[in-house]
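Below: the structure, in structure tokens.
Protein chains in written order, with UniProt numbering: chain L, 1 to 221; chain E, 1 to 127.
Dropping the structure here:
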């Protein structure tokens, strides 16, 4: 998986209270399966997936696909024992922030997670997608959809109701996050602010491609 | 081999006692620390039984279970006992995580107290 045959290596982090389904969510995304049993995380620190990202140019025609190697990181539950440190957030470009629709406290804690991100992430307004997980457990719902939507709007972040169990919106949430990241890169003329290692472009052709796209974008303005 | 050295016996009993209290009611661990005891919990330092118990009580999980994989004990030159524990733990419904813990035990007025306690999760690549 880790061979160099890609244009970008992008690292995402899944965050949220314990038990909201981060591991299952990532497992559903990478493997298309639901695993209700916990896999011990010894030796496995992240999951990986290759995707092709196609950006739409200003003329509405899709550009050449960028081969993206996604690394999806999870916590091992260590946040129960100590607060997550900057080291944990290091190199992450995008954040999947999960709460459990059947657990109101996990929704209330989303605010704290955002503050943590603002302190530790590479910048103060990193790209985040909020996911209300366990949407399949409708009869146990404790957080209203409107309430979560309103919250997400206030913070200006996309919101999805997801189910790691049946796969609802899981791909969509991750794709939305990737889209935000790729757009951020494209509109950023000076890419020097991106911390080293966050986005690793591989080879010259893709970088040139990106510059071309960016220039096209500028002309279109 | 059957006759375990005295420090082995004391160390093993302490370890058993410690995790039993930790897993049932960790506020009771206050009895094993003194006002001079030091705890380093995941790199953060606490001194004195009050500060230590406050820290341990505030850990955000309802249930915790420890399973001891191995333990080693040695006598020190000043008649203390040093113990190292390697094990696994499970907090609420989280995945199982490995941990290491080290204790220094000192004999005070016919009883053993823990003067030093260091704890680390056995996590790598997680930051």
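Note that beta-carbon positions come from the ideal geometry of N, C-alpha and C, so glycine has one too.
Spell out whether any CB of chain E is found under 9 Å from the CB atom of residue i.
i, result
"residue 64 of chain L", "no"
Taking only three categories from DSSP, how would you classify residue i?
i, result
"residue 127 of chain E", "With a pLDDT of 49 at residue 127 of chain E, under the threshold of 50, the predicted position of this residue should be treated as unreliable, and no value is reported."
"residue 33 of chain E", "strand"
"residue 81 of chain L", "coil"
"residue 206 of chain L", "Since pLDDT at residue 206 of chain L reaches only 42, below the 50 mark, its modelled position is unreliable, and the value read off the structure follows with that caveat. Of the three classes helix, strand and coil, the one that applies to residue 206 of chain L here is helix, per DSSP."
"residue 157 of chain L", "coil"
"residue 100 of chain L", "strand"
"residue 79 of chain E", "coil"
"residue 90 of chain E", "strand"
"residue 12 of chain L", "strand"
"residue 183 of chain L", "helix"
"residue 71 of chain E", "strand"
"residue 59 of chain E", "coil"
"residue 130 of chain L", "strand"
"residue 19 of chain L", "coil"
With 9 Å set as the bound, which would you pick, yes or no: does the beta-carbon of residue i sit closer than that to a beta-carbon of chain L?
i, result
"residue 123 of chain E", "yes"
"residue 45 of chain E", "no"
"residue 170 of chain E", "With chain E covering 1 to 127 only, the question about residue 170 of chain E has no answer from this structure."
Among residues of its own chain, excluding the 5 on either side of residue i, which ones have a beta-carbon nearer than 7 Å to its beta-carbon?
i, result
"residue 176 of chain L", "129, 158"
"residue 27 of chain E", "53, 57"
"residue 53 of chain L", "65, 66, 68, 178, 182"
"residue 35 of chain E", "48, 49"
Got a sec? Which residues, its chain only, sit under 6 Å from residue i by beta carbon, not counting five neighbours each side?
i, result
"residue 23 of chain L", "74"
"residue 174 of chain L", "29"
"residue 109 of chain L", "17"
For residue i, I'd like the list of residues in its chain whose CB is within less than 8 Å of its CB, leaving aside the five on either flank, ordered along the chain.
i, result
"residue 123 of chain E", "97, 98"
- Message: What are the residues in the segment 120–150 of chain L lying within 7 Å of chain E by C-beta distance?
- Response: none
- Can you list, in chain order, the residues of the segment 86–118 of chain E whose Cβ is nearer than 8 Å to any Cβ on chain L? 91, 92, 93, 94, 95, 96, 97, 98
- Message: Closer than 8 Å between beta carbons: that is the criterion. Which residues of the segment 8–28 of chain L meet it against chain E?
- Response: 18, 19, 23
- Near-chain L residues of the segment 47–70 of chain E (beta-carbon distance less than 7 Å), N- to C-terminal order: 59, 60, 61
- Query: Which residues, in order along the segment 69–82 of chain L, keep a beta-carbon less than 7 Å from a beta-carbon of chain E?
  - Reply: 75, 76, 77, 78, 80, 81, 82
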